[in-house]
Amino acid sequence: MFEISRCLYCRKKDSSNEVNTSILVNGELKQMQTVSCSDECADKIQEFAEFNNISSKNFVKIGIAGIIFFLFLIALNTVGFQVDIFPFIIIFFGAVFLLYPLATWGFYKRIGIKYMTIIVRVLAILLIVLGVLRLI
Ligand SMILES: [Zn+2]
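Numbering (the numbering used here), first residue to last: -5 to 130.
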């Protein structure tokens, strides 16, 4: 399988530097064996795994807090308080994904941590811009 020989960070082909790390998947710490093209990318993979393990918990908490807050605003709107909530929702989730550019492991394996992080950040900025444009 060609997938295995690509660097998990930068997607460089024929990577053979073995990397062992542990990542949090659905709340469970799992051992992950992957490859990198260089020591530099191996460090980036370890850094990312640590960031993922710490921030995925916060990401879920902030996401749930946001959903509860917006449900509260929707409830207020039904009793006559008129606010266009949509721009705030997309700005909020844009900001969350900008802070925590997290995707699923399927995407990281296919696209590489480096590019997937860039894609998530670009989409997050787009959401914020769209939200702001709707407000003005
Ligand atoms: Zn690499």
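Using N, Cα and C, we set each Cβ at its ideal position, and we do this for glycine too.
Residues sharing a beta bridge with residue i, DSSP
i             : result
asparagine 14 : Gln27
Cβ-Cβ distance between residue i and residue j below 8 Å
i               : j             : result
isoleucine 61   : leucine 124   : no
glutamine 25    : asparagine 11 : no
proline 95      : valine 77     : no
phenylalanine 9 : serine -1     : A quick correction: the sequence has serine, not phenylalanine, at residue 9. Yes, they are a contact pair.
isoleucine 79   : leucine 92    : no
Coil, strand or helix - residue i by DSSP
i                : result
valine 19        : strand
phenylalanine 75 : coil
glycine 60       : helix
aspartate 33     : helix
aspartate 8      : coil
threonine 111    : helix
arginine 104     : helix
alanine 89       : helix
leucine 96       : coil
leucine 121      : helix
leucine 67       : helix
Between the CA atoms of residue j and residue i - distance to the nearest angstrom
i                : j                : result
methionine 110   : threonine 28     : 17 Å
isoleucine 105   : phenylalanine 42 : 15 Å
lysine 6         : cysteine 31      : 6 Å
lysine 55        : glycine 100      : 23 Å
isoleucine 119   : proline 81       : 13 Å
phenylalanine 64 : aspartate 33     : 44 Å
Bounding residues of the alpha helix (DSSP H) (the contiguous stretch that carries residue i)
i              : result
isoleucine 130 : No alpha helix (DSSP H) holds isoleucine 130; DSSP gives it neither H nor E.
Any non-hydrogen atom of ligand 2 closer than 7 Å to residue i Cβ
i         : result
serine 10 : As far as ligands go, the structure on display features ligand 1 and does not contain ligand 2.
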